[in-house]
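Q:
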Amino acid sequence: MRVPWRGGAVRITLDSAAPVMLIPLFLLIAAHGPMMSVITFSFLPLFLLYNHFLFLKLKPHNSFFLSWTITSTVLLFLLLWSFSGMLEIRNDEFFVFLLITTAALYSMNKVKQKEMLSFVSEDQLLDGGEKCSECSIRLPPRAYHCTSCNACILKRDQHCAWLNCCIGQHNHFWYIMFLIATFSQLVLYSNLILTTACHPFKVIGSIMLPDDCSDVYFDLVYAVCFVSSIYCIEGAAFVFSVLALECWLITLGITGHEYRNRSKRSYCCGLIMSRPYSKGFLRNWILFWKGADISYQMYKI
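In structure tokens, the structure reads:
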């Protein structure tokens with residue numbers, strides 16, 4: 001499918017267009033009562049998991065999950081912007097949400113922008129390094145092949161389906177920033193909606209939590225806002241689990257690739273495993289914050 005655009009028509013694939021239609025459809029279905037909400041949000045993770053394995057097998061380098069991420073971010077902003085007056089959301093609250101959304105999109109762009117810098121270049125090839133079975137080249141330490149990108153990545157962590165790019169040495173920092181910003185956006189959105197669409201109560205100072213949400217389904221607009229906040233809670237739980245794992249791996253001084261390929265004899269979530277590149281918990285974090293400034297020579301043992 002081609003869409004007219006300045007400078008020529010832009011080709012839009014089915015996998016990138018599908019989330020634009022599916023996410024609003026899921027929210028509208030879920031807004032038709034408590035039972036439909038339970039069914040929809042129970043089905044959604046299974047649907048995404050099935051598509052992940054399906055695309056991994058049929059089309060590893062696809063735009064479905066990237067489009068899902070962008071569509072979710074933009075849709076949440078549009079919903080809050082459209083109904084902020086009706087929900088009596090303060091200007092300062094909306095401004096904070098706008099800043100966090102901007103930070104998430106900016107971090108996402110930086111992750112994509114710096115992906116190519118982590119690809120192994122000719123000047124980084126080693127004569128005595130481990131040989132890649134796919135590329136038939138000698139690799140520097142901690143460089144691994146990505147079958148989705150069909151390239152070898154410096155300090156490869158993973159191929160992130162949600163951003164449709166590899167996470168390596170030069171964009172790992174921005175990936176963590178993206179996770180933090182996205183988690184903050186989802187939590188803030190759900191809190192703003194639930195404390196206005198439902199009957200709230202004060203916890204500490206101006207911090208409120210929802211108390212009674214029994215009447216949100218009597219109006220479709222309120223119902224859509226409510227189910228979108230449930231969607232955010234479900235998404236926030238997933239993002240937090242990914243962020244927690246990433247922080248744990250940084251603490252241990254290992255990458256996601258090394259963690260997934262660890263020996264079956266290693267226990268305690270990687271704590272008791274061979275970690276030859278670890279410099280100690282504190283220094284591992286210092287090296288992470290330095291990020292792309294670290295030469296691959298530092299990883300030599």
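1 is the number of the first residue of the sequence shown in the UniProt record's numbering; add one for each residue after it.
Glycine included, C-beta positions come from ideal geometry on N, C-alpha and C.
Keep in mind that this is a model prediction, so the values were computed, not measured.
Within the same chain, show all residues whose beta-carbon is closer than 6 Å to that of S16, passing over the 5 residues directly before and after it, in chain order.
A: S63 and S67
Q: When the Cα atoms are used, what is the spatial distance from P140 to G168?
A: 13 Å
Q: If you reduce the DSSP assignment to three classes, tell me which class D15 lands in.
A: It is helical.
Q: Going by CA-CA distance only, name the one from P34, Q113 and I12 that's closest to S214.
A: P34
Q: How many angstroms separate the CA atom of Y277 from the CA atom of G253?
A: When rounded, the distance between both Cα atoms is 6 Å.
Q: Nearest by alpha-carbon distance to L79: which of I23, H172 and T255 is it?
A: I23
Q: Distance check for Q158 and T71, CA to CA, integer angstroms please.
A: 23 Å
Q: When burial is assigned at 16 or more other CB atoms within 10 Å of the CB, is K155 buried or exposed?
A: buried
Q: Looking at C-alpha atoms only, which residue of S42, L117, L163 and H170 is the closest neighbour of K290?
A: H170
Q: Terminal residues of the continuous beta strand (DSSP E) containing Q158?
A: Q158 to C160
Q: Going straight from the alpha carbon of K110 to that of M86, what length do you get?
A: 35 Å
Q: Ignore the nearest five residues each way along the sequence and tell me which others in F281's own chain have a CB closer than 6 Å to its CB.
A: T251
Q: Smallest Cα separation from E130: which of C152, L117 and F119?
A: C152
Q: In three-state terms, what does DSSP make of C225?
A: helix
Q: Have a look at L186, L117, F83 and W162 and flag the residue whose alpha-carbon is nearest the alpha-carbon of E234.
A: L186
Q: Consult DSSP for A143 and reduce its assignment to one of helix, strand or coil.
A: Here A143 sits in strand by DSSP.
Q: Could you say which of F41, I176, S229 and L163 lies nearest to L243 if we only look at CA atoms?
A: Taking the Cα of L243 as reference, the smallest distance to any Cα among F41, I176, S229 and L163 is reached at I176.
Q: Between V239 and L27, how many whole angstroms is the CB-CB distance? I'm expecting something under 8 Å.
A: The pair is not a contact, with the Cβ atoms about 18 Å apart (cut-off 8 Å).
Q: Report all residues from its chain with a CB closer than 8 Å to the CB of V96; omit the five preceding and five following residues, and keep chain order.
A: L188
Q: To the nearest angstrom, how far is the alpha carbon of F55 from that of S118?
A: 24 Å
Q: On the CB-based measure, 16 or more other CB atoms within 10 Å of its CB, does I301 come out buried or exposed?
A: Annotation note: pLDDT 41 at I301 (below 50); position unreliable, coordinate value reported separately. When all chains shown are included, I301 counts as exposed.
Q: Quick one: does C166 have its CB under 9 Å from some CB of chain C?
A: Here there is only one protein chain, and chain C is not present.
Q: Tell me, to the nearest whole angstrom, how far the beta carbon of L192 is from that of I89; I am working on the premise that it is less than 8 Å.
A: Yes, they are in contact, since the Cβ atoms of L192 and I89 sit about 6 Å apart, within 8 Å.
Q: Between the alpha carbons of L163 and T147, how many angstroms are there, rounded?
A: 16 Å
Q: Tell me the rounded alpha-carbon separation between L98 and E134.
A: 44 Å
Q: Please confirm whether C149 and H257 have their CB atoms less than 9 Å apart.
A: Contact: no.
Q: Does the Cβ of F218 have 16 or more other Cβ atoms within 10 Å, making it buried, or fewer, making it exposed?
A: exposed
Q: Look up I230 in the DSSP assignment and say whether it is helix, strand or coil.
A: helix
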